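These notes are about the structure you will find just below.
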Amino acid sequence: MMGARLTSTVLAFLLAGVFALNGEVILGRRSLGIGHWNVAFIVGLGFWSALLFPLSLTMGNLAVDGTFGMTLAAAAAWLLWGRPGRAEPGSGSMRFHYKEWVGAILRRPAMLAAIALTAVAAAVFAILSWRTALGWDGFEIWATRAQMLFYEGRLTHGPPPETGFIGRALRYPPMIPLFEALLATPLGRFDFEWTKPVFLVFYVSLLTSTFGLVRRLTDGTSAAFATAIVVWLPGIATQWNLGGYCDLPMAAVLAAAAGECVDALTQKIGFRSAAAWLLASLTMLKLEGEIYLYILASFWLLTRRLSGRKLPGSELVPAVLPAAAFLLAGVSYRSWIRVPSAGFSPVFGSLLTASTYGRVPEILRLCARWLGDMNLWGVLWPAFGAATLFILLRGSMAERFVMLSCLFAVGADSAVFLFTRWTLQPHVDSSYQRLLEHSAPLAVATCVAAFARVRRSSPA
Amino acid sequence: MWTRRALHLVVGGCLATNAVVGVRALRHEIVVDFRYAPSRMFDAAHVEMIRRIDAVVPPEVPILLVCREDDIWLNRLWQRALYPRMSFVVNVEHPSAGKDLHALSKKFGIGYALAVGRPPANSEFVWQIAFPPLPGYRPAYWLGSLRR
Chain A
101 MMGARLTSTV LAFLLAGVFA LNGEVILGRR SLGIGHWNVA FIVGLGFWSA LLFPLSLTMG
161 NLAVDGTFGM TLAAAAAWLL WGRPGRAEPG SGSMRFHYKE WVGAILRRPA MLAAIALTAV
221 AAAVFAILSW RTALGWDGFE IWATRAQMLF YEGRLTHGPP PETGFIGRAL RYPPMIPLFE
281 ALLATPLGRF DFEWTKPVFL VFYVSLLTST FGLVRRLTDG TSAAFATAIV VWLPGIATQW
341 NLGGYCDLPM AAVLAAAAGE CVDALTQKIG FRSAAAWLLA SLTMLKLEGE IYLYILASFW
401 LLTRRLSGRK LPGSELVPAV LPAAAFLLAG VSYRSWIRVP SAGFSPVFGS LLTASTYGRV
461 PEILRLCARW LGDMNLWGVL WPAFGAATLF ILLRGSMAER FVMLSCLFAV GADSAVFLFT
521 RWTLQPHVDS SYQRLLEHSA PLAVATCVAA FARVRRSSPA
Chain B
38 MWTRRALHLV VGGCLATNAV VGVRALRHEI VVDFRYAPSR MFDAAHVEMI RRIDAVVPPE
98 VPILLVCRED DIWLNRLWQR ALYPRMSFVV NVEHPSAGKD LHALSKKFGI GYALAVGRPP
158 ANSEFVWQIA FPPLPGYRPA YWLGSLRR
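Taken in sequence, the protein lines are chains A and B. FYI, in the working numbering the residues of the first sequence are 101 to 560. FYI, in the working numbering the residues of the second sequence are 38 to 185.
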């Protein structure tokens, strides 16, 4: 069994590399380090996930195999003939010069300690991930949809509703199932055990995204510590993330998108902006991704305007296109699949009823209980509350962008329970702790940035 | 200077708390995963059952899954094990289980059923024990085919 685990893990990382090369084609750049590779991987996977529905309609049951072939062909073509159209812009913080980095790490014992802590957590996560089977949602939703994709070869309506086979999970976006199904393609059969390494890839992505985000706000040592803090949070390191749930990938992509948005605050944007493609990719993971897209895009626009940087339409319109296309693909798919959302009432109708507002105190109480759950988050969320006040008063524009994005993401994750059709407490208890996971890297980034700023400003 | 020290103290306290919580959670996770958690979705006995069902029921032919409706994990485990063969769940505990079996069998033209535990007596299926029970582990599995 260990051999199969190792083989599937190697294959998952190879496939991630193929997606990264596809991402480079889309972004028109050559990656210079692991941070760029991470962004390119998410962009490549997001692109093919958005294309899966149109391909399913046009290519029929060849859509998944076709996607596999086309990703390989695009990667091969890029390797053979692709030339970097432009040098990679950005803060330079994510460039990876091996000798420079090793030297810097050895000169800074604190950074070495942070990297060692992260490595231990990562090793334990990998071992536990290999050791255990899938959890409830990992098995019954994400891997099952991958199983359907593999056997049907495309997005379908699935078995008749009388089977009760998959239900409302058919509405969910296809990024994780597509990755899992493509991993089974070279194997020639679907094996649930082969889906687990997908989450190891996203674990590495989470490390890289968190480091990249914090590095853009402060120094490398703080970024390394922030990464260590994130991976030692029980909410990230244990339970559902080992069982193949989609929340860890969501956290990774949200952190990566926030990082690229920070860069984009001071740079020209356009159709090939990594920020634009990462924001769009948020919609391909979970339905919450659409909410995060609106939040990040709104605060990015607000921050950029407050910074006084001009944003001409010739830059903004092309940058909006990826998100618009991905949203259109998602909405079209959901209207085609015609599976109602069992969990939530229509938002606008619910806003008109008094019972919706009557739930507010109870929702606040339940959510506050999870935010203060030491066993899952330590003191992260109270610390985030304190850091929020400080960043609001003294933070830079970039720090405020990250803080506000996190604050509103958590707020939106709490507000969705206003519209639940289920019994409130079980619904909050079964899902809120996972929703918090999405924003946890942003919360850690805010805390670390606030600490670094206070430290710089207070006399030694 | 005192503000800097106070800040370091507070941040150190937060980090120490998180370190303790993280180590404790991870230790608990390791113990639980190595002692209790299954390492595969389908264990060897399950794989053998699937192989024997495949030998009897032709591929692509749907099957009725007769078990307790509230045993959701088991139902879905079997449905996924049998996929891409379609499987319809019939609640064995419902008084109308026999009629439900008949109705679904007729509606979808299904000639085979797999029952977890003793199947309903008043059905049109001929049952035989496919897999004997394992004490403390699982009940007997019965494979049924429509009476011709």
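C-beta: ideal position from N, C-alpha, C; glycine also. Please read all numbers here as calculations on a predicted model, not as lab measurements.
*Which residues in the same chain have their Cβ closer than 6 Å to the Cβ of residue 549 of chain A, if we skip the five residues on either side of it in sequence?*
Numbered from 1 along the first sequence, position 449 holds the residue referred to as residue 549 of chain A. These residues qualify, in order along the chain: 317, 318, 499.
*asked:* With H, G and I counted as helix, E and B as strand and the rest as coil, what does DSSP make of residue 120 of chain A?
replied: As a first step, residue 120 of chain A must be located in the first sequence, where it is residue number 20. The answer is helix: DSSP assigns residue 120 of chain A an H, G or I state.
_Whole-angstrom distance between residue 535 of chain A and residue 496 of chain A, CA atom to CA atom_ = Along the first sequence, one-based indexing puts residue 496 of chain A at 396. Along the first sequence, one-based indexing puts residue 535 of chain A at 435. Residue 496 of chain A and residue 535 of chain A: Cα-Cα distance of roughly 27 Å.
*Exposed or buried, what is residue 46 of chain B when buried is set at 16 or more other beta-carbons lying within 10 Å of its beta-carbon?*
Indexing the second sequence from 1 puts residue 46 of chain B at position 9. Exposed, because fewer than 16 other Cβ atoms sit within 10 Å of the Cβ of residue 46 of chain B.
*Let me know the secondary structure DSSP gives residue 177 of chain A once reduced to three states.*
Translated into positions along the first sequence, residue 177 of chain A becomes position 77. Helix, per DSSP.
*asked:* The beta strand (DSSP E) that contains residue 164 of chain B, what's its start and end?
replied: One-based indexing of the second sequence puts residue 164 of chain B at position 127. Segment 162–168, the beta strand (DSSP E) holding residue 164 of chain B.
*Using the C-alpha atoms, what's the distance from residue 365 of chain A back to residue 327 of chain A?*
The residue you call residue 327 of chain A lines up with position 227 of the first sequence. The residue you call residue 365 of chain A lines up with position 265 of the first sequence. Near 23 Å, if we compare the C-alpha coordinates of residue 365 of chain A and residue 327 of chain A.
*Where do the N-terminal and C-terminal ends of the alpha helix (DSSP H) with residue 148 of chain A fall, by residue?*
Working through the first sequence from its first residue, we reach residue 148 of chain A at position 48. Counting along the chain, the alpha helix (DSSP H) containing residue 148 of chain A begins and ends at 134–159.
*Would you grab the beta carbon distance between residue 303 of chain A and residue 225 of chain A for me? Rounded to a whole angstrom, and I think it's under 8 Å.*
Mapped onto the first sequence, residue 303 of chain A falls at position 203. Mapped onto the first sequence, residue 225 of chain A falls at position 125. Correct: roughly 6 Å between the Cβ atoms.
*Would you identify the three-state DSSP class for residue 194 of chain A, choosing helix, strand or coil?*
Residue 194 of chain A sits at position 94 when you count from the first residue of the first sequence. Residue confidence is low: residue 194 of chain A scores 49 on pLDDT, short of 50, so the model does not pin down where it sits. No coordinate-derived value is stated.
*For the beta strand (DSSP E) that contains residue 241 of chain A, what are its first and last residues?*
Residue 241 of chain A sits at position 141 when you count from the first residue of the first sequence. Taken as a continuous stretch (DSSP letters only), residue 241 of chain A belongs to no beta strand (DSSP E), as it is neither H nor E.
*Closest to residue 340 of chain A by CA distance: which of A/278, A/212, A/235 is it?*
As a position in the first sequence, residue 340 of chain A is number 240, starting the count at 1. Cα-wise, what sits closest to residue 340 of chain A is A/235.
*Given that residue 70 of chain B touches chain A, what residues does it touch there, using C-beta distances under 8 Å?*
The count along the second sequence starts at 1 and reaches residue 70 of chain B at position 33. In chain order: 228, 231, 232, 342.
*Do the CB positions of residue 379 of chain A and residue 396 of chain A come within less than 8 Å of each other?*
Along the first sequence, one-based indexing puts residue 379 of chain A at 279. Along the first sequence, one-based indexing puts residue 396 of chain A at 296. In contact: residue 379 of chain A and residue 396 of chain A (Cβ atoms closer than 8 Å).
_Under 8 Å, Cβ to Cβ, is there at least one residue of chain A near residue 51 of chain B?_
Residue 51 of chain B sits at position 14 when you count from the first residue of the second sequence. It does; some Cβ of chain A falls within 8 Å.
*Which value, in whole angstroms, describes the spacing of the CA atoms of residue 269 of chain B and residue 105 of chain B?*
There is simply no residue 269 of chain B to check, as chain B begins at 38 and stops at 185 in what is shown.
*If the cut is a Cβ gap below 7 Å, which residues of chain B does residue 264 of chain A touch?*
Here residue 264 of chain A corresponds to residue number 164 of the first sequence, with the count starting at 1. By Cβ distance, chain B contributes 126.
*Could you tell me the boundaries of the alpha helix (DSSP H) in which residue 345 of chain A lies?*
The residue you call residue 345 of chain A lines up with position 245 of the first sequence. Counting along the chain, residue 345 of chain A falls outside any alpha helix (DSSP H), and DSSP gives it neither H nor E.
*If you count every other CB in all the chains shown that lies within 10 Å of the CB of residue 433 of chain A, and 16 or more means buried, which is it?*
Taking the first sequence and counting its residues from 1, the one referred to as residue 433 of chain A is at position 333. Buried is the call here.
*List the residues of chain A whose Cβ lies closer than 8 Å to the Cβ of residue 105 of chain B, in chain order.*
On the second sequence, position 68 is the one that residue 105 of chain B refers to. Within 8 Å Cβ-Cβ: nothing; residue 105 of chain B doesn't reach chain A, min ~14 Å.
_Considering only the alpha carbon of each residue, which of A/315, A/516, A/308, A/233 lies closest to residue 447 of chain A?_
Sequence index remark: in the first sequence, residue 447 of chain A carries index 347 (1-based). Looking at the Cα atoms, A/516 is the closest of the given residues.
_Enclosing alpha helix (DSSP H) for residue 58 of chain B [first to last residue]_ = For the purposes of this step, residue 58 of chain B is identified with residue 21 of the second sequence, where counting begins at 1. Per DSSP, residue 58 of chain B belongs to the alpha helix (DSSP H) from 39–72.
*Give the straight-line distance between the Cα atoms of residue 194 of chain A and residue 130 of chain A, rounded to the nearest whole angstrom.*
Walking along the first sequence from the start, residue 194 of chain A turns up at place 94. Walking along the first sequence from the start, residue 130 of chain A turns up at place 30. Note that residue 194 of chain A scores 49 on pLDDT, short of 50, meaning its location in the model is unreliable and no value can be drawn from it.
*N-terminal and C-terminal residue of the alpha helix (DSSP H) that residue 548 of chain A is part of*: As a working note, residue 548 of chain A is residue 448 in the first sequence. Looking at the DSSP string, the run of the alpha helix (DSSP H) that includes residue 548 of chain A is 524–557.
*Using a cut-off of 7 Å between C-beta atoms, extract the partners of residue 240 of chain A located in chain B.*
As a working note, residue 240 of chain A is residue 140 in the first sequence. What residue 240 of chain A touches in chain B: 113.
*Are the Cβ atoms of residue 490 of chain A and residue 554 of chain A separated by less than 8 Å?*
In the first sequence, residue 490 of chain A corresponds to position 390, counting from 1. In the first sequence, residue 554 of chain A corresponds to position 454, counting from 1. Closer than 8 Å, so yes.
*Residues of its chain near residue 412 of chain A, where Cβ-Cβ distance is below 7 Å and the 5 sequence neighbours each way are ignored*: Working through the first sequence from its first residue, we reach residue 412 of chain A at position 312. Closer than 7 Å at Cβ, skipping near neighbours: no residue.
*DSSP on residue 292 of chain A, reduced to helix/strand/coil?*
For this step, residue 292 of chain A is matched to residue 192 along the first sequence. Looking at residue 292 of chain A - three-state DSSP - the assignment turns out to be helix.
*Who are the neighbours of residue 334 of chain A on chain B, taking C-beta pairs under 7 Å?*
Within the first sequence, the letter at position 234 stands for residue 334 of chain A. Within chain B, the residues near residue 334 of chain A are 58, 59, 62.
_Once DSSP output is grouped into helix, strand and coil, what is the label at residue 491 of chain A?_
Reading the first sequence from its first residue, position 391 is the one you call residue 491 of chain A. It is helical.
*Spatial neighbours of residue 191 of chain A within its chain, please: CB distance less than 8 Å, with the 5 preceding and 5 following residues excluded, ordered by chain position.*
Here residue 191 of chain A refers to the residue found at position 91 when the first sequence is read from its first residue. Summary for residue 191 of chain A: the model assigns pLDDT 44, below 50, so the residue's position carries little reliability, and this model does not support an answer.
*Report the three-state DSSP secondary structure of residue 287 of chain A (helix, strand or coil).*
Against the first sequence, residue 287 of chain A aligns to sequence position 187. Three-state result, residue 287 of chain A: coil.
*What's the gap between the Cα of residue 281 of chain A and the Cα of residue 407 of chain A?*
The residue given as residue 281 of chain A occupies position 181 in the first sequence. The residue given as residue 407 of chain A occupies position 307 in the first sequence. Near 44 Å, if we compare the C-alpha coordinates of residue 407 of chain A and residue 281 of chain A.
*Since residue 408 of chain A is in the alpha helix (DSSP H), which residue starts that stretch and which ends it?*
Taking the first sequence and counting its residues from 1, the one referred to as residue 408 of chain A is at position 308. That residue, residue 408 of chain A, is in no alpha helix (DSSP H); it is neither H nor E in DSSP.
*Can you tell me the Cα-Cα spacing of residue 483 of chain A and residue 69 of chain B, whole angstroms?*
As a position in the first sequence, residue 483 of chain A is number 383, starting the count at 1. As a position in the second sequence, residue 69 of chain B is number 32, starting the count at 1. Each residue's alpha carbon lies about 30 Å from the other.
*Is residue 299 of chain A helix, strand or coil when you go by DSSP?*
Locating residue 299 of chain A in the first sequence gives position 199, counting from the first residue. Three-state DSSP puts residue 299 of chain A in a helix.
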